[in-house]
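Asker: Just passing along the structure, written as structure tokens.
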Amino acid sequence: GAPGIFYPEGKGNIRQLPFKALLIEAEFYIGQAFVTYRFQYKNTTKKNISAMFALPTEGSVAHFQAVFQDGRMVDTAIVANDDFESLKKSSKKGDESLGRLAEPIPDLFRAPIQNIKKGDTIDVTVQVLEELEFQPDLRYHLNLRTRFPPGIQDGAISIQFRIHTGIPRPITYFSNTHRIQPVQNVIQTAPPGQESSHFLSLTSLTVDPTNLDFSYAMPSENVQAAVLQQDGNPYSWDTRGSFMLFVTPPNISAPPFPRDVIFLVDRSGSMTGEPFQKAVDALATAFSTLHPQADNFSLVMYDHEFRTSMANGGQLVQASSQNIQNAIAYMRANQPRGGTDIESPLLWSLNLLRRASQERKDRVSIKAVVLITDGCVTDERLIAQKVEKMMQDPFSRYTRIHTIGLGPYCNHQFLKMLSLYGRGFNENIINMQTEGMVQKRTLRLMNKISNPVLSNITLGMSGLTSCELYPFPIPDLFKGAPLVIAGKYSGMFPTSLNLEGWYPNGQRFTQTIYTTKTNTIPVDKVFAKARIDDLTAKYWLTQDPNLKEQIVQTSVQQSIPSAYTTVVAYETTVKEHEEEKKKEEKEEKEKKKGKKPSVGKAAAIGALAVGGVVAIGAGVYLLGGSGAINATANGLSSAGQAVGGVFANVGESVFGAMGDCCGGSCGGLFQSTTTLCESMSPVCGSMGDICKCCDYTPCASCGEICTTMWSGCCEPLGAAVGPGLTTCFGSCCEQLGSVSECVNSLCQTCNIGSVADQCENLGGCQSASI
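Read in full-length UniProt numbering, the sequence shown has 365 at position 365, and its numbers run on one by one without any break.
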């Protein structure tokens with residue numbers, strides 16, 4: 001669907017408010033675009049309405065603002081999580097309906113808009129950071145959902161794009177939905193280091209509303225590279241300068257380069273149901289990209305032990321159609337079961353590829369492990385550290401690790417660190433229910449690694465006293481994936497850098513890249529999300545508080561959501577908002593050196609807010625691309641969607657763990673929500689209405705737990721149910737009160753103590769790898 005304002009009308013009916021005008025502006029920076037939507041609405045109903053603005057997007061919403069005709073406005077800001085908790089306690093009393101939204105939905109941004117008066121106009125502005133998809137034809141691609149339902153578009157749509165490439169070369173652009181007209185085209189061709197910007201206007205090719213499809217390319221027969229640099233602000237909390245290196249592959253056809261790929265597929269109990277079926281879909285898609293004459297592969301499936309589909313002990317075989325059919329049949333015949341030991345098969349696979357490099361020096365090939373999992377394992381940090389050490393072996397220097405995470409409870413930080421150490425790619429598929437999403441994202445990963453251009457890349461820089469690179473180690477350059485490296489530095493940035501790497505045929509590549517000092521491309525903001533993602537994964541691994549501080553400050557300063565910040569919406573007035581803005585500008589002019597962006601942010605919002613403050617962003621990031629921090633801390637897996645859909649849909653943690661990571665070991669005790677209710681009732685007694693907060697009527701006899709959990713969602717279960725859960729999970733479940741002995745015995749039966757490995761008191765639970 002397309003973005004819009006939605007409001008209730010009558011019993012169970014949802015209507016969409018027509019808009020009078022829409023301006024879409026986009027600033028393109030290499031592989032990213034900051035897209036701004038500017039809507040003008042008018043309440044054409046015969047009454048005042050309270051509504052919700054919704055925007056479907058896989059991007060990161062950086063800012064939302066709604067301005068009313070009477071001078072009121074709704075604004076958003078990003079604050080540290082700790083500051084948000086304080087803000088909730090101290091915020092002014094106002095419209096109580098402006099409370100915390102229901103648990104966020106993946107790929108859907110929502111913001112409340114209260115009390116739109118009859119006949120009033122309202123201007124809505126929302127800015128989104130969109131990652132451009134790099135297609136096999138070497139085009140950067142953007143698709144925007146602008147196919148509005150009939151009767152919703154009541155005015156013109158204007159579209160303006162500005163493409164900043166940083167490379168002094170012409171571009172080609174294409175759209176099969178819109179006519180493109182250059183408004184102003186400024187191209188610098190010399191000397192090296194000058195920037196290139198392109199200004200375009202787009203109009204729809206059809207009368208009826210349609211989605212916007214746009215792509216552009218910078219064709220070249222050679223590897224292209226550019227470095228953009230910005231000086232640091234001496235009065236900022238981080239005084240270091242910033243730079244960004246991007247390298248694009250050549251637009252030439254080449255025969256497929258041989259690949260030796262081991263597919264490592266999780267079939268533990270936590271994969272039961274939909275996750276396993278999606279894993280089969282992902283594997284079939286990956287197999288379809290293999291070249292029979294060039295590629296070899298092997299399939300390894302693991303639970304608490306691992307097995308291969310090949311009769312030769314897991315050795316690589318030719319990617320013939322028969323071998324592929326046999327592998328898929330083997331996977332379908334071996335359904336999920338047991339616990340999870342990812343370490344043994346992963347290290348075994350890396351060793352197998354390392355030996356292949358030693359023993360088959362005559363075969364020059366890409367060697368890769370593709371891991372497909374819901375990520376519900378223990379000892380992830382130790383495994384990541386072992387992989388890092390193994391990848392330093394000289395015979396592993398051409399081996400890569402690529403990871404595919406399935407579902408919202410996957411430990412995406414673990415998978416990201418594996419792919420980071422393995423110089424590979426990581427795909428996180430949060431919303432598996434979207435038709436074709438698993439196949440699409442798997443195909444994207446496999447296309448990325450289909451044709452290598454440069455490997456084992458190094459970057460030579462002189463004159464710096466310190467330098468941080470994101471990501472590091474530097475990944476390879478593939479034809480299906482341009483290389484983008486960003487960094488922070490101290491010292492004098494050099495006028496040129498030296499880029500080195502190796503072609504697939506073993507020849508050495510070297511290129512001198514001249515530095516462009518840019519004022520038009522906001523380098524810090526462009527790579528802020530990539531930096532936050534890398535820092536978040538590294539913080540998960542090291543628990544270094546300095547890394548967390550960098551995440552928070554970068555998130556607040558650049559308005560990019562993170563796992564440790566919260567996007568909040570609050571109501572104020574245009575007058576008060578402008579006064580606060582002038583105050584901030586005055587402080588900036590006074591150059592208060594070293595002030596952290598988060599300092600005073602919550603206090604300013606508290607002073608501005610005339611009503612409540614609503615959190616609208618943290619959950620999306622936690623359960624999305626950032627790595628499902630909350631779910632990871634409890635060791636949850638994506639199987640929660642299959643065995644307790646109602647709990648998974650509202651971000652449930654504890655009950656998801658109980659019904660989830662046990663997998664098949666418990667005889668299907670929690671195979672469905674109804675079974676869960678029925679199985680608990682005889683032991684725990686009638687528990688009332690479990691789902692007042694979840695709006696799930698089949699649970700009507702399962703107990704009243706809806707006040708404290710999920711920030712006020714669930715009431716303690718009550719004294720009538722024994723101390724089992726406290727025994728099992730210790731301090732993690734203090735809010736749940738006591739549960740009957742049946743839960744304690746469940747822990748002992750399923751060995752699920754390790755799902756709460758972040759808890760302080762595991763009590764009588766046995767710890768096991770799950």
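Glycine is no exception: its CB is placed at the ideal position from the N, C-alpha and C atoms.
1. Helix, strand or coil for Asn81 per DSSP?
2. Suppose you measure from the CA of Ala633 to the CA of Tyr539; what does that come to, to the nearest Å?
3. So what does DSSP say about Ser175, is it helix, strand or coil?
4. Relative to the alpha-carbon of Ile372, which residue among Leu353, Arg441 and Ala319 has its alpha-carbon at the smallest distance?
5. Express the C-alpha separation of Thr239 and Gly232 in angstroms, rounding to a whole number.
6. Using only the alpha-carbon positions, how far apart do Arg49 and Gly119 sit?
7. If you measure between the beta carbons of Met417 and Ala368, is that distance less than 8 Å?
8. Do you know offhand how far Ala327's Cα is from Ile262's?
9. Starting from Glu274 and walking both ways along the alpha helix (DSSP H), at which residues does that stretch end?
10. Does Ile252 come out as helix, strand or coil in the three-state DSSP assignment?
11. Any idea what DSSP makes of Ser201, helix, strand or coil?
12. Quick check: Tyr570 and Asp75, are their CB atoms within less than 8 Å of each other?
13. Quick one, which of Ser320, Thr146, Glu549 and Ser419 has its alpha-carbon nearest Val387's?
14. Which partner residues of Trp502 appear in the DSSP bridge assignment?
15. If contacts are defined as beta-carbon pairs under 8 Å, then Gly480 and Phe134 qualify, I think. What distance do you get, rounded to the angstrom?
16. Buried or exposed: where does Ile14 fall if 16 or more other Cβ atoms within 10 Å of its Cβ makes it buried?
17. If you run the structure through DSSP and keep just helix, strand and coil, what is Asn143?
18. Would you mind sorting Tyr503 into buried or exposed? The rule is 16 or more other CB atoms within 10 Å of its CB.
19. Could you tell me whether the Cβ atoms of Val484 and Ile152 are closer together than 8 Å?
20. Touch check for the region 138 to 156 and the region 489 to 503: three-plus C-beta pairs under 8 Å?
21. Within this structure, are the beta carbons of Leu22 and Phe39 separated by less than 8 Å?
22. Measure the beta-carbon distance from Thr121 to Pro482 and round it to whole angstroms, keeping in mind my assumption that it falls under 8 Å.
23. Starting from His412 and walking both ways along the alpha helix (DSSP H), at which residues does that stretch end?
24. What separation, rounded to the nearest whole angstrom, lies between the Cα atoms of Pro3 and Arg145?
25. My understanding is that Val438 touches Ile449, with C-beta atoms under 8 Å, so please give their C-beta distance in whole angstroms.
26. Is the shortest distance between the beta-carbon of Tyr470 and the beta-carbons of chain B less than 8 Å?
27. Label Ser242 either buried or exposed according to how many other C-beta atoms from any shown protein chain fall within 10 Å of its C-beta, with 16 as the threshold for buried.
28. Write down the C-beta distance between Leu454 and Phe509 rounded to the nearest angstrom, noting that I regard them as a contact closer than 8 Å.
29. For Gln543, name the three-state secondary structure that DSSP assigns.
30. Rounded C-beta distance between Ala33 and Leu142? I'm assuming under 8 Å.
31. Who are the Cβ neighbours of Lys93 in its own chain at under 7 Å, not counting the five residues just before and after it?
32. Excluding five sequence neighbours on each side, which residues of the same chain lie with their C-beta closer than 6 Å to the C-beta of Glu25?
33. Let me check understanding here. Comparing Cα to Cα, which of Met52, Arg400 and Lys601 lies closest to Met446?
34. Tell me which same chain residues have a C-beta within less than 8 Å of the C-beta of Gly463, skipping the five on either side of it?
35. Which class does Ser365 belong to by DSSP, given the choice of helix, strand or coil?
36. On the DSSP letters alone, give me the boundaries of the beta strand (DSSP E) that Met301 sits inside.
Answerer: Per the coordinate set shown:
1. Locating residue 81 in the sequence shown gives position 81, where the first residue counts as 1. Helix at Asn81.
2. One-based indexing of the sequence shown puts residue 633 at position 633. One-based indexing of the sequence shown puts residue 539 at position 539. Residue confidence for Ala633 is low, a pLDDT of 32 falling below 50, so the modelled location carries little weight; the figure read from the coordinates is stated next. Distance from the CA atom of Ala633 to the CA atom of Tyr539, rounded to whole angstroms, is 13 Å.
3. By one-based count along the sequence shown, residue 175 stands at place 175. It is coil, neither helix nor strand.
4. Translated into the one-based positions of the sequence shown, residue 372 becomes position 372. Answer by Cα proximity: Arg441.
5. Here residue 232 is taken as the residue at index 232 of the sequence shown, counted from 1. Here residue 239 is taken as the residue at index 239 of the sequence shown, counted from 1. Gly232 and Thr239 have their C-alpha atoms some 5 Å from each other.
6. As a first step, residue 49 is located in the sequence shown; it is residue number 49 there, counting from the start. As a first step, residue 119 is located in the sequence shown; it is residue number 119 there, counting from the start. The residue you asked about is not Arg; residue 49 is Ile in the sequence shown. Each residue's CA atom was taken as its position, placing Ile49 and Gly119 some 11 Å apart.
7. Position 417 of the sequence shown, counted from the start, is the residue given in the question as residue 417. Position 368 of the sequence shown, counted from the start, is the residue given in the question as residue 368. Not a contact, by the Cβ cut-off of 8 Å.
8. What you label residue 327 is simply residue 327 of the sequence shown in a count that begins at 1. What you label residue 262 is simply residue 262 of the sequence shown in a count that begins at 1. The straight-line gap from Cα to Cα measures roughly 12 Å.
9. For the purposes of this step, residue 274 is identified with residue 274 of the sequence shown, where counting begins at 1. Counting along the chain, the unbroken alpha helix (DSSP H) around Glu274 starts and ends at Glu274 to Phe287.
10. For the purposes of this step, residue 252 is taken as residue 252 along the sequence shown, with counting starting at 1. Looking at Ile252 - three-state DSSP - the assignment turns out to be coil, as it is neither helix nor strand.
11. The count along the sequence shown starts at 1 and reaches residue 201 at position 201. DSSP places Ser201 in strand when its eight states are reduced to three.
12. In the sequence shown, residue 570 corresponds to position 570, counting from 1. In the sequence shown, residue 75 corresponds to position 75, counting from 1. Against a cut-off of 8 Å, the Cβ pair of Asp75 and Tyr570 comes out as a contact.
13. Numbered from 1 along the sequence shown, position 387 holds the residue referred to as residue 387. Among Ser320, Thr146, Glu549 and Ser419, the Cα nearest to that of Val387 belongs to Ser419.
14. Here residue 502 is taken as the residue at index 502 of the sequence shown, counted from 1. Per DSSP, Ser455 and Arg508.
15. In the sequence shown, residue 480 corresponds to position 480, counting from 1. In the sequence shown, residue 134 corresponds to position 134, counting from 1. Here Gly480 really is in contact with Phe134; their C-beta atoms are around 7 Å apart, less than 8 Å.
16. If you number the sequence shown from 1, residue 14 lands on position 14. So Ile14 counts as exposed.
17. Counting from 1 along the sequence shown, the entry for residue 143 is found at position 143. Shown here, Asn143 sits in a strand according to DSSP, grouped into three states.
18. If you number the sequence shown from 1, residue 503 lands on position 503. Tyr503 is classed as exposed because its beta carbon has fewer than 16 other beta carbons within 10 Å across all chains shown.
19. Within the sequence shown, residue 484 is the residue found at index 484, counting from 1. Within the sequence shown, residue 152 is the residue found at index 152, counting from 1. By the CB criterion at 8 Å, Val484 and Ile152 fall outside the cutoff.
20. Too few Cβ pairs lie closer than 8 Å, so no.
21. Position 22 of the sequence shown, counted from the first residue, corresponds to residue 22. Position 39 of the sequence shown, counted from the first residue, corresponds to residue 39. Yes. Within cutoff.
22. By 1-based counting over the sequence shown, the position of residue 121 is 121. By 1-based counting over the sequence shown, the position of residue 482 is 482. About 43 Å separates the CB atoms of Thr121 and Pro482; that is not less than 8 Å, and the two are not in contact.
23. Walking along the sequence shown from the start, residue 412 turns up at place 412. Unbroken alpha helix (DSSP H) run through His412: His412 to Tyr421.
24. As a first step, residue 3 is located in the sequence shown; it is residue number 3 there, counting from the start. As a first step, residue 145 is located in the sequence shown; it is residue number 145 there, counting from the start. Whole-angstrom Cα-Cα distance: 7 Å.
25. Taking the sequence shown and counting its residues from 1, one reaches residue 438 at position 438. Taking the sequence shown and counting its residues from 1, one reaches residue 449 at position 449. In fact, because the Cβ distance is near 17 Å, the residues do not count as touching under 8 Å.
26. Note that chain B does not occur in the displayed structure, where there is just one protein chain.
27. Taking the first residue of the sequence shown as 1, we reach residue 242 at position 242. By the neighbour-count rule (16 or more Cβ atoms within 10 Å), Ser242 is buried.
28. Here residue 454 is taken as the residue at index 454 of the sequence shown, counted from 1. Here residue 509 is taken as the residue at index 509 of the sequence shown, counted from 1. Contact holds; Cβ gap of about 6 Å.
29. If you number the sequence shown from 1, residue 543 lands on position 543. Three-state result, Gln543: coil.
30. Sequence index remark: in the sequence shown, residue 33 carries index 33 (1-based). Sequence index remark: in the sequence shown, residue 142 carries index 142 (1-based). Contact between Ala33 and Leu142 holds: their C-beta atoms lie close to 6 Å from each other, under 8 Å.
31. The residue you call residue 93 lines up with position 93 of the sequence shown. Residue placement at Lys93 cannot be trusted, given a pLDDT of 49 that sits under 50; what the coordinates show is reported in the next sentence. Here the set comprises nothing.
32. Position 25 of the sequence shown holds residue 25. A distance below 6 Å between beta-carbons, with the five flanking residues on each side excluded, links Glu25 to the following residues of its chain, in chain order: Thr36 and Gln160.
33. As a working note, residue 446 is residue 446 in the sequence shown. Nearest in C-alpha terms to Met446, of all of Met52, Arg400 and Lys601, is Arg400.
34. Position 463 of the sequence shown, counted from the first residue, corresponds to residue 463. Cβ within range, chain order: Gly491, Met492, Phe493 and Pro494.
35. Taking the sequence shown and counting its residues from 1, the one referred to as residue 365 is at position 365. The answer is coil: DSSP assigns Ser365 none of H, G, I, E or B.
36. Residue 301 sits at position 301 when you count from the first residue of the sequence shown. Counting along the chain, the beta strand (DSSP E) containing Met301 begins and ends at Asn296 to Tyr302.
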